[in-house]
Every structure is written in structure tokens, then in C-alpha cells.
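Numbering-wise (this note's numbering), the sequence shown opens with residue 553 and increments by one.
For each residue, glycine too, the CB sits at the ideal point set by N, CA and C.
Predicted model only: the values in this text are computed from it and were never measured.
What follows is a set of notes on a single structure, which appears directly below.
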Amino acid sequence: MSLRKSVQSISTALLIALTATLTAQAGGRGDDIAKADILTGWRTASGTHMAALRIELKEGWKTYWRAPGDAGIPPILDWSLSGNLASTHMTWPTPVVFDQSGMRSIGYKNAVILPIALEPRRDGRPVKLRGTLDIGVCKDICVPQRLKVRATLPADADQRDPRIAAALAARPLSASEAELRAIRCTISPTANGLRIGLEIDMPSAGAPEAAVVESGLPDVWVAAPKTRRAGGTLFAETEMQHVSGGVFMLDRSALRVTVIGRKHAVDIRGCDGT
553 MSLRKSVQSI STALLIALTA TLTAQAGGRG DDIAKADILT GWRTASGTHM
603 AALRIELKEG WKTYWRAPGD AGIPPILDWS LSGNLASTHM TWPTPVVFDQ
653 SGMRSIGYKN AVILPIALEP RRDGRPVKLR GTLDIGVCKD ICVPQRLKVR
703 ATLPADADQR DPRIAAALAA RPLSASEAEL RAIRCTISPT ANGLRIGLEI
753 DMPSAGAPEA AVVESGLPDV WVAAPKTRRA GGTLFAETEM QHVSGGVFML
803 DRSALRVTVI GRKHAVDIRG CDGT
């Protein structure tokens, strides 16, 4: 199947899922599938505040990672109504790879805690966190959910929350932690976009190994890479296409590759040209 046809198939699948959503919500099924709250966390020695977004789902349901895969729905978070907040940085714990109706999706089952490092505008003052979270949750059907969260994060909070600490520890390994030796990428044009070939020299993350490639461009769709391992090298190949079908430029340094294995995951930034 061509990349263009793949995009069309995914759009059709999402339309079917949305139709099913309206039916489900009309029957009252969508109201209690997901809930979210804020773990208020602690103020760090550097002045940032470490908190977390906790999402809990009904048994058997799942939600999606920042790069949700072919069949997933990307999460959107809006903190713009917050007070005394300059910036946020989310840490994503290692996700799970799912097969969803013959397409790959990436996310979390039943519950997830997403640590957030927040930079206050004014030191020594509480952060009034107000957020809107738009996520997709799926089981037999996919149901978009809009959840609102709020909490006041005290400036004098100094007790580390072990739940947040555990979620931070569950992040993918860095390239150096995973003993990455090199990552090389070959980029070539296709009829609809670009083909990317990757050679990743590092020890196995535990078979089976799945790769996720993020382009760094919000309007560029990336196909699920095909992977194979030969000794100390993981090979991955994928294609990219702009959602409008137009031309785009790819910055190798902005490319982000996550390898998800049975033992651990690895977060790799950028690649060297070959």
C-alpha cells in the first residue's frame, strides 16, 4: 500500500471511530471512561516545580503516547489558563506498542502518570495550574475525551512524591545510557515524500524491538518503521509525507528516534548523514 493510500485509510478509520464515539456518548458510555488529576509534587532546589498529570482509565481501556502510531490519537494539553507559569516540560514514561485492527498504536493501558517540570514566572510563589487535556481512549471503539484539571502547587512543598519519582525513572534511556555508538540516516525522495533508512549501532533493547521516528515537524506523517537487527546494529526504514501532500525540508538534527524493546526503551536525538 502506498503512503498516500495509508494516510487515506487512517483518515477513514478515524472517521469511523468518531462516528462510533457519538453513538457511545449518546448511550452514556463516554462519561466515566477516563479521569485525570494533578499530583502536586514538590519545589526543587533549582526553583522549578515537579508535579505530574495522572490519567486513570476504566479496566481494559488505553490512551496514547506523544507519537501515537497509525491508529492512535495524539494527546493535546493546554496550560494557558494557569497562573504564575512560564513554561512546562513533560516526561513521557516508556509506552507499550499495541496492534489495533492491523495497525500499530503506542500508548498506555489503564493508567499513566506523566511528570511535568514547571517553571514559575515568580520565585517563591505558588503555581495555579489549570489545564485542558484532549485525549483519545480506546477499547473496542475509540472515544475522544476532554478532561479539565486544576491544582495549586505550593512554593514551600519539599516532599518528593514516590509516584512521580517512579514515573520519572520509567522514562526511556538516553543514548549514552543505552551505550549508543552511532546512528546513521539515509534520506531519499519518493513520489509522495521522503524515505528514511536508519542504522543504529547499540546493544539490543530486548527483542522484539520497535522503532518510532518523529520528524520534528507537526504536519508531517511518519509511517511505522520496519525494523530488523543484525548483530550490534538495528536497521529501520520508514517513509514521511506532509499531510497536505506538499514539499518539506527535514532537519536531521531534529529527528527523534525511540527504540522500544522488551527490556527497555531508548530515546535518540538526531542522526548523522551517510
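Counting along the chain, no alpha helix (DSSP H) covers L705; the unbroken beta strand (DSSP E) around it starts and ends at 694-705.
Closest option to Y660, judged by alpha-carbon separation, among R682, I668, G688, S639: G688. Counting C-beta atoms within 10 angstroms of its own C-beta, T790 has 16 or more neighbours from the protein chains shown and is therefore classed as buried.
Around the beta carbon of R595, 16 or more other beta carbons lie within 10 angstroms, which makes this residue buried. Nearest neighbour of A782 by Cα position, chosen from V795, V799, R804, S756, turns out to be S756. Around the beta carbon of P741, fewer than 16 other beta carbons lie within 10 angstroms, which makes this residue exposed. For C694, the closest C-alpha among the options C737, A762, L609, P647 is that of L609. At a Cβ-Cβ threshold of 7 Å, L750 and V818 do not count as neighbours. In the three-state scheme derived from DSSP, where H, G and I count as helix and E and B as strand, I716 is classed as helix.
Here A721 carries a helix assignment [DSSP, helix/strand/coil].
Relative to T600, the option among L786, M642, E761 whose CA is nearest is M642. Bounds of the beta strand (DSSP E) holding D651 are 648-652. C-alpha of I668 to C-alpha of K815: approximately 25 Å in a straight line.
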